[in-house]
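What follows is a single structure, written as structure tokens, with notes after it.
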Amino acid sequence: MDLFVQPLLRSLETGSVYALAALGIIIVWRTSLVMHFAQGSMGMFSGTAVAFALNRYGLPLWQAVLVGVVVAVFLGFAVDFVIIRRLKRATSVGKEIITLGLIMVFLGLAPIIFGTDPMLLPKAIPSGDFNVGGATITYNGVANILVGVAIAAGLYVVLQKTKIGLAVRATASNDQTARLMGIPTRTVTLFSWATAGVLGMLAAVMIAPTTTVTPTFMNSVQVTALFACVLGGFQTFYGPVLAAYIIAVSSNFLKLYVSTVWGDQIMFGLILLFLLLRPNGLIGKTYMKKV
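Heads up: the sequence shown begins at 671 in the working numbering, then just goes up one per residue.
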């Protein structure tokens with residue numbers, strides 16, 4: 671039993687990290703129609719700010735995370751206000767190239783501002799573990815799962831049940847029509863970028879204790895989050911979240927029962943095969959336009 675439960679619990683923990691990163695990508699896509707390739711590098715930058723505040727100035731972890739929230743919101747505001755809004759005449763491909771360029775910007779700025787030495791970020795809950803069906807999971811792992819699920823569920827409720835969520839969904843559906851109805855679409859996109867920044871920072875803080883904080887420590891999270899968005903479909907906010915957990919579970923079980931070396935490659939191959947059969951993803955929809 672523990673051979674099934676143990677990898678499942680670890681998959682839920684890593685799936686929460688992927689889900690937060692994927693949520694950031696899909697929120698930006700749905701409101702700005704920009705593929706946010708820099709989600710991982712922005713999360714890396716604000717996550718590095720958390721580690722820097724903790725290691726350099728000795729702040730408690732929760733205060734360092736607040737510093738990271740401020741940095742993430744500032745980055746989100748800056749990218750949208752200074753860059754994205756100036757690209758009205760740019761094609762969708764041009765905007766995507768801009769976000770690819772932002773990766774290089776943040777990869778270059780991080781060592782300049784925070785130094786080149788790798789840093790460590792501790793777990794939010796340093797010790798203790800639960801026993802579930804003969805398998806163990808740390809208190810910190812449980813906290814990561816709960817944070818990921820709570821944030822995803824909270825955003826779903828906000829998007830579906832509140833006026834703010836209605837404004838976001840209207841902007842995502844048709845920006846021009848939403849603007850004609852009096853919805854401040856620029857404010858919606860501004861806070862969408864800020865929200866994506868905070869989600870990336872949280873994903874970085876959650877994954878950082880398993881590695882060292884370097885300019886590249888969020889690369890795998892970025893790639894997996896993009897795959898989750900493609901697999902889940904870009905038409906809904908919850909599809910990429912579901913796909914993130916599916917990818918995490920599939921990856922761990924393939925590595926455990928098929929191949930520790932080729933597990934990820936097999937998983938990505940299966941995703942590509944699935945997309946050949948269902949190009950719009952798990953929850954994606956096909957829209958018919960009459961002419």
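Ideal Cβ placement from N, Cα and C applies to all residues, glycine included.
In this text, all values refer to a predicted model and were calculated from it rather than measured experimentally.
Exercise. Name the DSSP bridge partner or partners of residue 806?
Worked result: 801
For this session: Pick out the complete beta strand (DSSP E) segments inside the segment 755–789, 3 residues or longer, and give them in chain order.
Result: none
For this session: Evaluate contact between the segment 909–917 and the segment 717–727, counting only Cβ atoms and requiring at least three cross-stretch pairs below 8 Å.
Result: no
Problem set entry | residue 810 at chain D interface by Cβ criterion, 9 Å | Among the chains of the structure shown, chain D does not appear; only one protein chain is present.
For this session: Return the CA-CA distance between residue 788 and residue 925, expressed in angstroms with no decimal places.
Result: 28 Å
Problem set entry | Proximity to residue 722 [Cα-Cα], best of 712, 711 and 734 | 734
Exercise. According to DSSP, what are the bridge partners of residue 883?
Worked result: 789
Exercise. Which residue from 841, 719 and 691 puts its Cα closest to that of residue 614?
Worked result: Limits of the chain in this structure are 671 at one end and 961 at the other, which puts residue 614 out of reach.
For this session: Could you check if residue 885 is buried or exposed, using at least 16 other CB atoms within 10 Å of its CB as the buried criterion?
Result: buried
Exercise. In or out: residue 762 buried (at least 16 other Cβ within 10 Å) or exposed?
Worked result: exposed
Exercise. Which residue comes first and which comes last in the alpha helix (DSSP H) that contains residue 947?
Worked result: 933–947
Exercise. What's the gap between the Cα of residue 858 and the Cα of residue 928?
Worked result: 45 Å
For this session: Within the segment 832–885, note down every full alpha helix (DSSP H) run reaching 4 residues or more, in order along the chain.
Result: 833–843, 845–850 and 855–877
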